[in-house]
Amino acid sequence: GENVEQHPSTLSVQEGDSAVIKCTYSDSASNYFPWYKQELGKGPQLIIDIRSNVGEKKDQRIAVTLNKTAKHFSLHITETQPEDSAVYFCAAPEGYQKVTFGTGTKLQVIP
Amino acid sequence: DVKVTQSSRYLVKRTGEKVFLECVQDMDHENMFWYRQDPGLGLRLIYFSYDVKMKEKGDIPEGYSVSREKKERFSLILESASTNQTSMYLCASSLGRLARNTGELFFGEGSRLTVL
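Residue numbers (this note's numbering), protein chains in the order written: chain W, 1 to 111; chain R, 1001 to 1116.
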């Protein structure tokens, strides 16, 4: 089955700096890579995704890059703000229903 | 907006008790999922269902069972709770069978279960 590795497990940045979270996956057939944000006391929520026919996608301060050859994808958050503090999960599909998640990155933005 | 509702936010049970965790979604989604979340282990899939009365084992089904009698409701059952099942349980749903294409999972807020 799909195996998704995520690094780092924790990340502290100063407000205004950038944050980068990286994930690798094992299944070459995977073609859809979402990122979820989990705020304290809530369930994860999709924030951005990328499909295998593009290499990069941006949405305001967040961007995701994908390297299919190397089987890795990354989340980039620029100009971080305190409300970006949360746990972030990358994920990759396995088959038609299953989604395999990474182990999560706890991001702390220090004001 | 899609709403996934988990019946209990916090539960405390004793070892050996039978535990029911209920989940309801209001957007006519075909797929429903139960995940378990533990620190350092991320989200691990317990069971999922792509149709009424259909179920598939996920990565960690041991000690759990599920029931999907109606499309909107997916229940997780711990037949005999054990202390190693103390965890956060997250229910999710997604639109259709082609999750590979549609992708987005909608999560409930979680049920934190403590087994003493």
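By construction, the Cβ of each residue, glycine as well, lies at the ideal position given by its N, Cα and C atoms.
Since this is a predicted model, take the numbers as computed values, not measurements.
Short of 7 Å from the beta carbon of Thr-1083 (chain R), and not among the five residues preceding or following it, lie these beta carbons of its own chain, in chain order: Thr-1015, Val-1115. Ranked by Cα distance from Lys-71 (chain W), the first of W:His-7, W:Ser-26, W:Ala-19 is W:Ser-26. Taking a contact as a CB-CB distance under 8 Å, the pair Pro-82 (chain W) and Pro-111 (chain W) counts as one, their CB atoms being some 5 Å apart. The contact set of Lys-42 (chain W) on chain R, defined by CB atoms closer than 7 Å, consists of Glu-1109 in chain order. Leu-1041 (chain R) is not a Cβ neighbour of Leu-1090 (chain R), given a cutoff of 8 Å. Contact with chain W is found for Leu-1105 (chain R), since one of that chain's Cβ atoms lies less than 8 Å from the residue's Cβ.
Counting the other CB atoms within 10 Å of its CB gives Met-1027 (chain R) a total below 16, which places it among the exposed residues. Close to chain W, meaning a Cβ-Cβ distance shorter than 7 Å, are the following residues of the stretch 1022-1054 of chain R: Asn-1031, Gly-1040, Leu-1041, Gly-1042, Leu-1043, Leu-1045, Phe-1048, Tyr-1050. Pairing Ala-19 (chain W) with Thr-103 (chain W) gives a Cβ-Cβ distance that is not under 8 Å. Any Cβ of chain W closer than 8 Å to the Cβ of Leu-1090 (chain R) would place that residue at the interface, and such an atom is present. Asn-67 (chain W) sits in a strand when the DSSP states are folded into three classes.
Taking 9 Å as the upper bound on Cβ-Cβ separation, chain R lies near residues Phe-89, Ala-91, Pro-93, Glu-94, Gly-95, Tyr-96, Gln-97, Lys-98, Val-99, Thr-100, Phe-101, Gly-102, Thr-103, Gly-104 of the stretch 88-104 of chain W. Here the C-alpha atom of Val-109 (chain W) lies approximately 25 Å from the C-alpha atom of Gly-1108 (chain R). The C-beta distance from Glu-1022 (chain R) to Arg-1073 (chain R) rounds to 7 Å, short enough to meet the 8 Å contact threshold. DSSP, reduced to helix, strand and coil, places Pro-93 (chain W) within a strand of the structure shown. At a cut-off of 8 Å between C-beta atoms, Pro-34 (chain W) counts as an interface residue with respect to chain R. No alpha helix (DSSP H) of 4 residues or more sits fully in the stretch 31-87 of chain W.
Nearest neighbour of Val-1004 (chain R) by Cα position, chosen from W:Gln-60, W:Ala-91, W:Gly-43, turns out to be W:Gly-43. In the three-state DSSP reduction, Asn-1031 (chain R) falls in the strand class (E or B).
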